[in-house]
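For reference, the structure discussed in these notes is given below.
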Amino acid sequence: MKTATRLLSVLALLAVLAGCTTVAPAAQAPAAEQAAAPAANSVVVADVERQPAPAFDSACTAADEGAVVPADFTPDRPLKIAVLGLENNPFWIPVKEGALKAAEELKPYNVTVDWIVPGETHTADDFSGGMEAAIAQEYDAIATIAGDAGLVTYIDRAVDAGIPVATFNSETAAPNKRLFFVGADLYKQGEAAGKAMADAIGGAGKVGVITGFFAVEAHELRRKGFEDYLTANNPDIEIVAQVENSDQGDIAYTQAQDMMTANPDLAGIYVTAGGPFGAAAAVEDAGKTGEVKVISFDFVDETMEYVQKGVISATIGQGPFAQGHDPAIRLFNYIVTGEAPECGRLLTEAALVTQDNIDQYWTPPAQ
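The numbering of the sequence shown is the numbering used here, which starts it at -8 and goes up by one.
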């Protein structure tokens, strides 16, 4: 039954791929809209000798994060790259923008980049079908979220088929054959959130935790980093509730209300993933701004508005544009030059933003 269900899912995705968000190669665009072709050297893709992948857990920060450019080589045939992402909350808007920017930059090199949304969660239940479809469609490279160990089989299957794979945003700790990862050090982000919470509430009090999905390793790293930091440094902070909101702001709103009702002396709420603006709205509506501190992630407008008002005490970034942009460019560069990134984990900037420094990181949208 599971095999039949998966087959149907793959067939559905194969049908959907034809209609996914795409920037087509320059040769297919109207002449008036074609980007100027680069003065590139021609390369026979099949003849490129490729370096082995860097050590899986090696980590560094790329100097060209969010600004990496295509290598100046034109492949001897059209290439297509699949970027498998999500659109289940506002965080993914700049990620998609990054992927579409990469598509624009690669178009003159006769490369198509497809932004594909396999489902609503980070898990292999959704992304395995997307990987199978991309392999079946013979993409030349794949960038994907890898939220749990269930995707390892599909990553390795793609690589064994000669398709290099990069992961971004979240990935399983289970070793696999991916070339590189682009995203934050999620455990350290959790530790930073723990320190921010301790600073905000004076090192003592009750806090609640709202995570996206307990099954997503990235969210668990942030939750565990937070919890471990408080255990080691602030034993007078008590975690009184831990729930998952499926990355949804409306669910976080109700959960925050429930936490404040059950704990009238609640001092803080930590949101590990999507929807922190829902928790912030609940705090504001309860008249507890400044009394219940909210710590969160990401710089989406809905979140930053609450930082500006002081409802969210701190939010931590993770370079979403780079997460969408850099994998496609680096995969192209690997295909045409054979050069692998320096490290297996290319860590993105994780600035901490408060009401005091928000002007350095965010401009309110025009009304």
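Just so you know, even glycine gets a beta-carbon here, dropped at the ideal spot from N, CA and C.
Through-space distance from residue j to residue i, alpha-carbon basis
i: A232; j: G199; result: 5 angstroms
i: I228; j: A189; result: 8 angstroms
i: D350; j: A124; result: 43 angstroms
i: N101; j: F159; result: 24 angstroms
i: E129; j: L75; result: 15 angstroms
i: D219; j: K71; result: 43 angstroms
i: F204; j: I136; result: 14 angstroms
i: N348; j: M295; result: 11 angstroms
i: S119; j: A264; result: 22 angstroms
i: G278; j: A271; result: 11 angstroms
i: R148; j: G121; result: 13 angstroms
i: V367; j: I260; result: Here the chain has residues from -8 to 358 only, and residue 367 is not among them.
i: Y352; j: R41; result: 38 angstroms
i: H80; j: I242; result: Per the sequence shown, residue 80 should be read as Asn rather than His. Cα-Cα distance, rounded: 12 angstroms.
i: K197; j: T112; result: 30 angstroms
i: D238; j: A209; result: 13 angstroms
i: E211; j: V34; result: 43 angstroms
Residue nearest to residue i in terms of C-alpha spacing, selected from the options
i: V60; options: A313, D350, D38; result: A313
i: N236; options: D48, V86, V262; result: V262
i: R213; options: G121, A184, C334; result: A184
i: E340; options: N254, V173, A272, A271; result: V173
i: R317; options: S49, V104, T354, G265; result: In the sequence on display, residue 317 carries Asp and not Arg. For D317, the nearest C-alpha among the options comes from V104.
i: V283; options: A305, V344, D289; result: A305
i: P66; options: N32, A53, T52; result: N32
Cut-off 6 angstroms between Cβ atoms - residues of its own chain near residue i, not counting five sequence neighbours on either side
i: A115; result: D139, G141, L142
i: A175; result: Q309, T339, A341
i: E182; result: G216, Y220
i: S49; result: C334, G335
Exposure of residue i, with buried meaning 16 or more beta-carbon neighbours within 10 Å
i: G193; result: exposed
i: E96; result: buried
i: E333; result: exposed
i: R336; result: buried
i: S161; result: buried
i: D63; result: exposed
i: A247; result: buried
Sequence-distant residues of its chain with Cβ nearer than 7 angstroms to residue i (five each side left out)
i: L170; result: A44, P155, V156, A157, Y325, A331
i: T280; result: V274, G301, V302
i: P166; result: F47
i: P356; result: D292
i: E24; result: With a pLDDT of 41 at E24, under the threshold of 50, the predicted position of this residue should be treated as unreliable, though the coordinate-derived value follows. Here the set comprises nothing.
i: A206; result: T114, D139
Own chain partners of residue i with C-beta closer than 8 angstroms, once the 5 adjacent residues on each side are dropped
i: K186; result: Y220, N224
i: E56; result: G310, A313, D317, L337, T339, E340
(request) Let me know the beta strand (DSSP E) ranges lying completely inside the stretch 149 to 225, each 3 residues or longer, listed in chain order. (result) 156 to 162, 171 to 174, 196 to 202
(message) At 3 residues or longer, what runs of the beta strand (DSSP E) sit wholly inside the stretch 89 to 154?
(response) 102 to 107, 132 to 137
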